[in-house]
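Contents: one structure, followed by commentary.
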Amino acid sequence: MMLESARYEIVLFGRKLLESGLVTGTGGNLSVRSGRFAALSPSGVEYGLMKPEDVVVVDMDGRVKDGRLKPTSEMSLHLALYLSRPDIAAVVHTHSPYA
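Residues 3 to 101, numbered by the working numbering, are exactly what the sequence shown covers, in order.
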């Protein structure tokens with residue numbers, strides 16, 4: 003499984019966001035960059051149910067390299083940030099009920 007550590011981090015932090023009330027259900031999305039690839043939360047999977055194998059790995063052109071699910075619909079936002087800012091290693095985009 004590509005980017006195994008990044009996939010576990012996305013699951014862990016997705017659950018932390020859920021438990022802290024910063025997201026509900028499938029709202030928001032997460033990603034972690036590793037070199038020429040990024041691991042992204044999948045579209046339509048609740049954070050409380052997400053497993054590492056659900057996380058999708060894409061290249062910087064948005065082509066899926068590993069994973070069986072569709073990446074977040076906000077993938078282009080994540081990739082644009084990574085491509086414009088090499089210092090960014092992760093992106094957290096919440097749809098907070100308190101915003």
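Cβ coordinates follow ideal geometry from the N, Cα and C atoms, glycine included.
The C-alpha of Arg-9 lies about 11 Å from the C-alpha of Asp-68. Contact between the region 79 to 97 and the region 35 to 55 is present: 3 or more CB-CB pairs across the two stretches fall below 8 Å. Annotated three-state conformation of Arg-35 is strand, per DSSP. DSSP lists Pro-73 as the bridge partner or partners of Pro-44. Under DSSP, Asp-68 forms a beta bridge with Val-59. Of the residues assessed, Ile-12 falls on the buried side of the cut-off, its CB having 16 or more other CB atoms within 10 angstroms.
DSSP, reduced to helix, strand and coil, places Ala-92 within a strand of the structure shown.
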